[in-house]
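Engineer: Quick one: the structure is below, and I'll ask about it shortly.
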Amino acid sequence: MNKIILGVAFFALTVNVSAQTMKETIGKHFLIGAAVSTRNIYSQDPKVKSAIVDNFNAIVAENCMKGEAIHPEENRYSWGDADATVKFAEDNNMVVTGHCLVWHSQAPRWMFKDNDGKTVTREVLIDRLYHHITNVVSRYKGRIKGWDVVNEAFEDDGSYRKTPYYNIIGPEYFELAFKFAHEADPNAELYYNDYSMSKPAKRDAVCRLVRDLKAKGCRIDAVGMQSHNGIDYPNLNDYEASIDSLAACGVKVMMTELDINMLPSPQHFGGADISQRFKYDKTLNPYVNGLTKSAQKLFNERYLAFFNIYAKHKDQISRVTLWGVSDADSWLNGWPVPGRTNYSLLIDRKYKVKPVVKDIIKLFK
């Protein structure tokens, strides 16, 4: 009898321990995910796969579904890496988000020019946009939960970013893109995604976009606040206000590209525009051998501050996605200054979960 009781107690303890993961606790309230690279997907290192499937219930392709990768020529698509990413998710019971259909950066290089190198007409670009969105979304119909339809289309002051899509088509390209995506997969969720969303002017512009799309009969399910955060930005009150403002527009809110930049910022750096590049300077790379105790303390405090907000607003949030699996995979090692060593994510370079995750999990128990 004693043996049976001990066995039951041990089993209960085992179940309890196994449940202490982000996907088992945070995942009860909203999706918790990571951006994965093709290197992650094809990796033969069991630690990499375990880091992904043990901690997350959702993934997004970091690069392989962007226009330049998936549609390199007008009449040629490159499906291999995207197919492998979706299959990885399906094999491991994970939700996939498609990223992204319309973005001025990393767009198909042929999209905006004709054979003579001249800018295409409005009609031609709309036709190309239609076929790109239709073919990509249709291929994964029923397999991808939702799509970042338009990405980074506003400046921080709330004005339209003067992208080729805007310059050639005009602001109608938002409506067209969302309608093309919906027609290709009527059951897929559709999102708008942008950085610096805590800035009031940008927040207001995106709220106007959401209301405008809804008024025109477009489906839009959520807005992604990219959340490329730092140790002293964004202002937490403004950040939280954006969650409330977007939710008030009748959409869910997603933290789509979460990380914390632990390194000093170069002069004139801001936002998350990938075109920014700065020269390497060792004063901008102070933690080559690891974070100091004070820096680690700040890292823990910042992540807890953001997840405190997510716990408070869990009914308004549908997904939190970290932008990368581990510190080794983070884009912040090479941007906006190449060659640095950053510590921006919740899994370290050895693919071990960082201690602060236990404290984050407690917020949701």
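Position one of the sequence shown corresponds to residue 85 (the numbering used here), numbered consecutively onward.
In this text, a Cβ means the ideal position worked out from N, Cα and C, and glycines have one as well.
#1: Does V358 pass the burial test, meaning 16 or more other C-beta atoms within 10 Å, or should it be called exposed?
#2: Expressed to the nearest angstrom, what Euclidean distance is found between the alpha-carbon atoms of A153 and D305?
#3: Report the partner residues of T405 according to the DSSP bridge assignment.
#4: The alpha helix (DSSP H) with E385 in it runs from where to where?
#5: Per DSSP, K171 is paired with what?
#6: Thinking just about the alpha-carbon of each residue, which of D443, G242, I445 and V437 is nearest to the one in V137?
#7: Taking only the alpha-carbon atoms, compute the straight-line gap between I327 and K133 and give it to the nearest angstrom.
#8: Tell me whether A93 is buried or exposed, calling it buried when 16 or more other Cβ atoms sit within 10 Å of its Cβ.
#9: Near S282, what residues of its chain come up, given a Cβ to Cβ distance below 6 Å and the 5 sequence neighbours on each side ignored?
#10: Of the residues F362, Y224, M309 and E236, which one's Cα is nearest the Cα of P270?
#11: In chain order, what are the residue ranges of uninterrupted alpha helix (DSSP H) at least 4 long that sit wholly in the region 197 to 247?
#12: May I have the straight-line CA-CA distance separating K150 from P370, to the nearest angstrom?
#13: For S414, count the other beta carbons within 10 Å of its own beta carbon; 16 or more makes it buried, fewer makes it exposed. Which is it?
#14: Can you tell me whether S311 is buried or exposed, with buried defined as 16 or more other CB within 10 angstroms of its CB?
#15: Within the continuous alpha helix (DSSP H) that includes L260, where are the two ends?
#16: State the Cα-Cα distance for the pair V220 and F140, rounded to the nearest angstrom.
#17: Is C184 helix, strand or coil when you go by DSSP?
#18: Check whether the Cβ of K300 lies closer than 6 Å to any heavy atom of the ligand MN, and answer yes or no.
#19: Should S402 be labelled buried (16 or more other beta-carbon atoms within 10 Å of its own) or exposed?
#20: Rounded to the nearest angstrom, what separates T109 and L447 at their Cα positions?
#21: For R160, which option in M309, H215, V409 and K298 has the closest C-alpha, if you only look at C-alpha atoms?
#22: If you draw a straight line from the alpha carbon of G254 to that of P130, how long is it in whole angstroms?
#23: So I154 is in the beta strand (DSSP E); what residue range does that whole segment cover?
#24: Buried or exposed: which applies to I431, given that a residue is buried once 16 or more other Cβ atoms fall within 10 Å of its Cβ?
#25: Nearest-angstrom Cα distance between S428 and V144?
#26: Could you say which of L342, P348, K336 and R386 lies nearest to P420 if we only look at CA atoms?
#27: In whole angstroms, give me the CA-to-CA distance for E267 and Y364.
#28: Following the continuous alpha helix (DSSP H) through E108, name the residue where it begins and the one where it ends.
#29: May I ask you to report which of helix, strand or coil DSSP gives N86?
#30: Helix, strand or coil for N313, going by three-state DSSP, please let me know.
Structural biologist: Here's the rundown:
#1: Looking at the sequence shown, residue 358 is not Val but Ile. With fewer than 16 other Cβ atoms within 10 Å, it is exposed.
#2: Taking the straight line from one Cα to the other gives about 26 Å.
#3: G117, per the DSSP bridge assignment.
#4: Note, E385: alpha helix (DSSP H), K377 to K396.
#5: Answer is none; K171 lacks a bridge partner.
#6: Of the listed residues, the one whose Cα sits closest to V137 is V437.
#7: Just so you know, the alpha carbons of I327 and K133 end up roughly 32 Å apart.
#8: Caution applies to A93, whose pLDDT of 40 falls short of 50 and renders its modelled position unreliable; the value that the coordinates give is listed next. Exposed: under 16 other Cβ atoms inside 10 Å.
#9: Taken in chain order, the residues that qualify are P318, D322, Y323 and S326.
#10: Measuring from the Cα of P270, the nearest candidate turns out to be Y224.
#11: Under the rule that a run must span 4 or more residues, the alpha helix (DSSP H) segments found entirely inside the region 197 to 247 read 206 to 223.
#12: Separation of K150 and P370 (C-alpha to C-alpha, rounded to the nearest whole angstrom) is 33 Å.
#13: Buried, since its Cβ has 16 or more Cβ neighbours within 10 Å.
#14: Counting Cβ neighbours within 10 Å, S311 comes out buried, since at least 16 surround it.
#15: For L260, the enclosing alpha helix (DSSP H) stretches over residues E256 to A268.
#16: V220 and F140 have their C-alpha atoms some 25 Å from each other.
#17: In the displayed model, C184 falls within a strand according to three-state DSSP.
#18: The ligand content of the structure shown is nil, which means the ligand MN is not present either.
#19: Buried: at least 16 other Cβ atoms inside 10 Å.
#20: Roughly 9 Å separates the two Cα atoms.
#21: Put simply, of M309, H215, V409 and K298 the residue whose alpha carbon is nearest the alpha carbon of R160 is H215.
#22: Between G254 and P130, the C-alpha separation is close to 48 Å.
#23: Under the DSSP assignment, I154 falls outside any beta strand (DSSP E), being part of the alpha helix (DSSP H) whose first and last residues are G151 to I154.
#24: Here I431 is buried. Its C-beta has 16 or more other C-beta atoms within 10 Å.
#25: Rounded to the nearest whole angstrom, the CA to CA distance from S428 to V144 is 18 Å.
#26: Of the listed residues, the one whose Cα sits closest to P420 is P348.
#27: Pairing E267 with Y364, the inter-Cα distance amounts to about 46 Å.
#28: M106 to T109 is the extent of the alpha helix (DSSP H) around E108.
#29: With a pLDDT of 42 at N86, under the threshold of 50, the modelled position of this residue cannot be trusted, and the question is left open.
#30: In the structure shown, N313 sits in a strand (DSSP, three-state: E or B).
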